[in-house]
Amino acid sequence: LDDVGYGSLECWGGATFDACIRFLGEDPWLRLRELKKAMPKTPLQMLLRGQNLLGYRHYADDVVERFVERAVKNGMDVFRVFDAMNDPRNMKAALQAVRSHGAHAQGTLSYTTSPAHTLQTWLDLTEQLLETGVDSIAIKDMSGILTPMAAYELVSEIKKRFEVRLHLHCHATTGMAEMTLLKAIEAGVDGVDTAISSMSATYGHPATEALVATLAGTEHDTGLDILKLENIAAYFREVRKKYHAFEGQLKGYDSRILVAQVPGGMLTNLESQLKQQNAADKLDQVLAEIPRVREDLGFIPLVTPTSQIVGTQAVLNVLTGERYKTIAKETAGILKGEYGHTPVPVNAALQARVLEGGAPVTCRPADLLKPELAELEADVRRQAQEKGITLAGNAIDDVLTVALFPQIGLKFLENR
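The opening position of the sequence shown corresponds to residue 114 in the numbering used here, with each subsequent residue numbered one higher.
Printed below as a string of structure tokens:
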């Protein structure tokens, strides 16, 4: 992988941190250092959820700053920073921390479509991110709903108006991604995300080799060696067989997503959630309910954690047989403004129900948080002492692991 000449390799962040401690008993910080040691030449990239970091709530600015500093120290080069609400206020602290530590800060447009989203929406967000300070912009099409023609227009307009390096990330779930990447390349996009062929398509990304072959001999020739790529593909073909039992149901493409806008990772989650409830046959009903819940929540994009929040509420609405008979705590949080701005106002009746006479949050949600790092650190050290846990040489990494995942993080440290 290090000899291919990739622009970067995304290998950390997102849900991988959670998966390491929850399922693999692996230290994510150690994993990052090992990856850096194995691939010193290629920039390593991660996905960071803005003020949520890699957890599922907003953290105080001092935690965001320290997390970014530690990620850079452990070997991270490129930070793709996004916010599930596309609220630039929620990306600001993370982007500024990345730049202050000399790494590459990539601001993200989490692409979605709705009556509230126009071309101007994306141009405005790009401008706000550039004002915050970024090294590049990514268009993140997590559901594979960006059509080739819309991509051509969006990339052309951003490149026409702004001097910025632009990257495109498209999931292959709906079958449009290869065409979308090609149209974006014609429009002048600077980089695109692909996956090695044996791990590509379905919930993932278009195949690297196919795009390399498509562009060979053109003005957009990637210069990558298809034989080197084939060796990597052959290796992962064997690896994939071992994990066969964990694959999602999708064969080919899923056009239902063009209506429900469900990202690939969320679809596999929904399938297993319903299976556990013995309600696998309710998937289509849940997929039909998701757009309705999304509209009630102000047409928010569906990406972690909002995808899980909308998905869980849709499951509740279907399984209880009555819409909003139960309102999940996180759904209430969005209605109250605790996650930031929604693209349009939320359902007023639902909001009134959860506010119970109170006022919604209108400031940047993290402005309501006091610095929490010192307290977290003291707490982790106290628990480590009580439980006889030996903390890592860089104890701060363990503190951050527990800060992001209090229960499973601590359990991981006990079992390490």
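Think of the CB as a built atom: it goes at the ideal place given N, C-alpha and C, for glycine as much as any other residue.
Secondary structure at Ala-358: helix, using DSSP grouped into helix, strand and coil. Bridge partners of Val-191 according to DSSP: Gln-158 and His-217.
Boundaries for Ala-326: no beta strand (DSSP E) harbours it, while the alpha helix (DSSP H) harbouring it runs 321–328, taken from the DSSP string. Contact annotation: the stretch 397–412 does not touch the stretch 356–368, with fewer than three C-beta pairs closer than 8 Å. Between Leu-523 and Asp-175, the CB-CB gap reaches or exceeds 8 Å. Assignment of Arg-144 by DSSP, reduced to helix, strand and coil, places it in the helix class. Contact between Ser-223 and Pro-414 holds, since their C-beta atoms are separated by about 4 Å, short of 8 Å. Unbroken alpha helix (DSSP H) stretches of 4 residues or longer found wholly inside the stretch 262–312: 290–299, given in chain order. For the stretch 461–492, the full-length alpha helix (DSSP H) segments reaching 4 residues or more read 461–468 along the chain. Here Ala-326 has Ile-339 as same chain residues with Cβ atoms under 7 Å from its own Cβ, once five neighbours each way along the sequence are excluded. Just so you know, the alpha carbons of Arg-477 and Leu-238 end up roughly 16 Å apart. Between His-282 and Asp-306 a beta carbon distance of about 4 Å is seen, short of the 8 Å cut, so the two are scored as contacting. Setting aside the 5 residues that flank it on each side, Ala-300 is surrounded in the same chain by Tyr-265, Val-268 and Ser-269, each with a C-beta closer than 6 Å to its C-beta; the list follows chain order. Take Arg-350, set aside five residues on each side of it, and the residues of its chain with a beta-carbon closer than 8 Å to its own are Ser-311, in chain order. When beta bridges are read from the DSSP output, Ile-250 appears opposite Gly-220 and Leu-279. Under the three-state reduction of DSSP, Glu-123 is assigned to strand.
Annotation for Leu-380: Thr-286, Tyr-316, Gly-361, Leu-363, Asp-367 and Ile-370 place their beta carbon closer than 8 Å to its own, counting only its chain and skipping 5 residues before and after. In terms of Cα proximity to Pro-228, the closest of Asp-409, Ala-210, Glu-343 and Val-117 is Asp-409. By the criterion of a C-beta distance shorter than 8 Å, Leu-481 is surrounded in its chain by Val-474, once the five residues flanking it on both sides are discounted. Spatial neighbours of Arg-495 in its own chain (CB-CB distance under 7 Å, excluding positions within 5 residues in sequence) are not present. With a cutoff of 8 Å on beta-carbon distance, Thr-260 and Thr-293 are scored as near each other. Classified as exposed, Lys-388 has fewer than 16 neighbouring CB atoms from the shown chains inside 10 Å of its CB. Lys-524: member of the alpha helix (DSSP H) spanning 519–528, first to last residue.
Using a Cβ distance threshold of 8 Å, Ala-197 and Thr-417 count as a contacting pair. With contacts defined by Cβ atoms closer than 8 Å, Thr-231 and Val-194 do not form a contacting pair.
When C-beta atoms of the stretch 431–441 are compared with those of the stretch 174–192, fewer than three pairs fall below 8 Å, so the two segments do not count as touching.
Two segments are said to touch when three or more pairs of C-beta atoms, one from each, lie closer than 8 Å; by this definition the stretch 153–169 touches the stretch 119–139.
For the 8 Å CB-CB criterion, Val-191 and Pro-156 form a contact. Contact check for Thr-234 against Lys-205 fails: the beta carbons are separated by 8 Å or more. Taking the C-beta atoms as reference points, Leu-448 is found nearer than 8 Å to Val-467. In the DSSP annotation of this structure, the continuous segment of the alpha helix (DSSP H) that includes Phe-180 starts and ends at 174–186.
Minimum Cα-Cα distance from Phe-180 among the listed residues Ala-516, Glu-527 and Ile-521 corresponds to Ala-516. In the structure shown, Gly-317 adopts coil according to DSSP, grouped into three states.
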